[in-house]
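Going by our numbering, the letters in the sequence shown line up with residues 8 to 334, in that order.
Backbone N, C-alpha and C define an ideal beta-carbon position, used for all residues, glycine too.
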Amino acid sequence: MNINKLIQQYKDELLENVIPFWLNKSQDKEFGGYFTCLRGNGDVFDTDKFVWLQARQVWMFSMLYNKVEKRQEWLDCALQGAEFLKKHGHDGNYNWYFSLDREGNPLIEPYNIFSYTFAAMAFGQLNLATGNEEYAEIAKKTFDVILSRRDNPKAKWNKAHSGTRDVKNFALPMILSNLSLEIEHLIDKDFLQQTIDECIHEVMNVFRKPELGGIVVENVNLDGSLSDSFDGRLINPGHGIESMWFIMDLGERLNRPELIEEAVKTTLATLEYGWDKEHGGIFYFMDRLGHPTQQLEADQKLWWVHIETMITLLKGYQHTGPKECMD
Numbered sequence: 008m009n010i011n012k013l014i015q016q017y018k019d020e021l022l023e024n025v026i027p028f029w030l031n032k033s034q035d036k037e038f039g040g041y042f043t044c045l046r047g048n049g050d051v052f053d054t055d056k057f058v059w060l061q062a063r064q065v066w067m068f069s070m071l072y073n074k075v076e077k078r079q080e081w082l083d084c085a086l087q088g089a090e091f092l093k094k095h096g097h098d099g100n101y102n103w104y105f106s107l108d109r110e111g112n113p114l115i116e117p118y119n120i121f122s123y124t125f126a127a128m129a130f131g132q133l134n135l136a137t138g139n140e141e142y143a144e145i146a147k148k149t150f151d152v153i154l155s156r157r158d159n160p161k162a163k164w165n166k167a168h169s170g171t172r173d174v175k176n177f178a179l180p181m182i183l184s185n186l187s188l189e190i191e192h193l194i195d196k197d198f199l200q201q202t203i204d205e206c207i208h209e210v211m212n213v214f215r216k217p218e219l220g221g222i223v224v225e226n227v228n229l230d231g232s233l234s235d236s237f238d239g240r241l242i243n244p245g246h247g248i249e250s251m252w253f254i255m256d257l258g259e260r261l262n263r264p265e266l267i268e269e270a271v272k273t274t275l276a277t278l279e280y281g282w283d284k285e286h287g288g289i290f291y292f293m294d295r296l297g298h299p300t301q302q303l304e305a306d307q308k309l310w311w312v313h314i315e316t317m318i319t320l321l322k323g324y325q326h327t328g329p330k331e332c333m334d
């Protein structure tokens with residue numbers, strides 16, 4: 008395989024097709040923000056605005072402006088989305104709603120911590136692009152709210168009854184591994200190091216289980232042990248693999264090659280575990296004991312799982328060069 012040819016193919020597809028599609032088809036010129044429910048030809052089939060996706064688009068166009076090319080149209084696209092989010096996306100205390108109607112009125116309460124983490128990333132990246140301190144403050148205040156909810160990410164919107172079967176979920180330490188580097192320019196250096204150390208410990212020593220072949224579980228008991236329950240048996244191969252490129256980035260940032268090596272091993276183990284040996288592709292959800300899952304979509308092959316896997320394998324190959332990653 009010619010890696011340079013592959014890189015050029017991806018670059019051309021992204022910059023000549025994917026990015027222009029979203030730039031030209033998704034912006035709501037009347038109310039601000041973005042349409043994200045689009046058909047392949049760009050027609051809008053639903054105008055609701057999901058804060059998670061609004062923030063990802065602000066981050067994407069800010070990042071492109073910061074790291075690829077200083078195109079004003081990219082920055083303008085990010086700015087208009089950020090202004091929509093600043094005005095409508097949270098409740099005034101930086102609790103970020105899950106979804107809004109087209110005009111920006113709240114539809115679903117701010118229960119999902121990914122709305123918060125992606126908002127922090129978006130405003131942090133836009134601060135780098137513009138130097139606007141208001142955006143930096145939004146990112147920092149949102150980060151503070153995220154940390155205040157570490158023990159209960161869904162806060163008062165959590166449907167689980169406390170005290171019966173309390174579990175710790177993988178989502179927050181996973182995404183904090185990424186968020187901490189995304190907004191490191193806004194965080195006190197000592198606190199940043201403490202947060203990174205805690206994230207690495209949680210991901211690699213609490214949720215990654217050597218007794219299961221080195222794969223990552225989605226939920227553990229509060230003491231870190233395995234739970235024999237639907238939540239406790241749940242494996243999300245895409246999450247486990249995605250988290251490993253976050254760990255590789257932390258290993259590079261901290262100059263810890265042994266951490267990168269462990270992340271590559273975990274990636275390959277999880278890919279082997281989650282791969283559909285009969286039809287190909289990676290399962291969405293699995294039960295570690297082979298039982299049926301509660302998730303009816305468990306056997307589906309989602310695009311994001313495979314994209315995150317490709318990113319992780321490419322990073323693994325770049326750092327350590329194992330043939331298995333390129334294969």
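Test item: CB-CB of residue i and residue j under 9 Å
i      : j      : result
Glu266 : Met211 : For clarity, residue 266 is Leu in the given sequence; the question names Glu instead. Taking 9 Å as the Cβ cut-off, Leu266 and Met211 qualify as a contacting pair.
Gly281 : Ile318 : no
Ile222 : Ala276 : yes
Glu268 : Thr316 : no
Leu219 : Pro244 : no
Leu71  : Trp59  : no
Lys175 : Asn226 : yes
Arg156 : Tyr123 : yes
Tyr142 : Leu133 : yes
Ile182 : Phe121 : yes
Ser336 : Ser250 : An answer regarding residue 336 cannot be provided, because it is not within the stretch 8 to 334 covered by the chain.
Ala136 : Ala85  : yes
Lys56  : Gly111 : yes
Leu296 : Arg240 : yes
Ala305 : Tyr324 : no
Leu45  : Lys36  : no
Gln34  : Gln87  : yes
Met128 : Glu189 : yes
Gly288 : Lys308 : yes
Phe198 : Gln301 : no
Ser232 : Arg172 : no
Lys330 : Met255 : no
Val312 : Ile248 : yes
Opening and closing residue of the alpha helix (DSSP H) in which residue i lies
i      : result
Asp151 : Glu140 to Ser155
Val65  : Val58 to Lys74
Val271 : Pro264 to Gly281
Val227 : Looking at the DSSP string, Val227 is not in any alpha helix (DSSP H); the run it does join, the beta strand (DSSP E), is Asn226 to Asn228.
His326 : Trp310 to Thr327
Ser232 : No alpha helix (DSSP H) holds Ser232; DSSP gives it neither H nor E.
Phe130 : Ile120 to Thr137
Asp19  : Ile10 to Glu20
Glu331 : Lys330 to Met333
Phe28  : Ile26 to Lys32
Outcome for residue i when other beta-carbon atoms lying within 10 angstroms are tallied against a minimum of 16
i      : result
Lys163 : exposed
Phe177 : buried
His208 : exposed
Glu15  : The amino acid at residue 15 is misidentified as Glu; the sequence shows Gln. Classification for Gln15: exposed.
Phe52  : exposed
Pro299 : exposed
Leu257 : buried
Tyr17  : exposed
Asn102 : buried
Glu274 : The sequence shown places Thr at residue 274, not Glu. Buried.
Ile336 : A query on residue 336 cannot be resolved here, the shown segment of the chain reaching from 8 to 334 and no further.
Ser69  : buried
Gly99  : exposed
Extent of the continuous beta strand (DSSP E) to which residue i belongs
i      : result
Asp338 : Past the edges of the chain, shown from 8 to 334, lies residue 338, and the structure says nothing about it.
Asn243 : It is not in any beta strand (DSSP E) - Asn243 carries neither H nor E in the DSSP assignment.
Chain B contact for residue i (CB, 9 Å cutoff)
i      : result
Ala129 : Looking at the structure shown, chain B is missing, and only one protein chain is on hand.
**OP:** Could you say if the stretch 8-25 and the stretch 77-95 meet the contact criterion of at least three C-beta pairs nearer than 8 Å?
**Re:** They do not touch, by the three-pair rule.
Subject >> Ranges of the alpha helix (DSSP H) found wholly within the stretch 164-209, counting only runs of at least 4 >> reply: Listed in chain order, the complete alpha helix (DSSP H) runs (minimum 4 residues) inside the stretch 164-209 are 178-189 and 196-208.
**OP:** Counting only runs of 3+ residues fully inside the stretch 88-116, write out the beta strand (DSSP E) ranges in chain order.
**Re:** Unbroken beta strand (DSSP E) runs of no fewer than 3 residues, entirely contained in the stretch 88-116, are found at 113-115, following chain order.
Original post:
Are the stretch 195-208 and the stretch 136-148 in contact at 8 Å, needing three or more beta carbon pairs?
Top reply: The answer is no - the stretch 136-148 does not touch the stretch 195-208, with fewer than three Cβ pairs under 8 Å.
**OP:** Specify whether the stretch 104-117 and the stretch 30-42 touch according to this definition: at least 3 beta carbon pairs, one from each stretch, less than 8 Å apart.
**Re:** Touching, yes, given that three or more Cβ pairs across the two stretches are closer than 8 Å.
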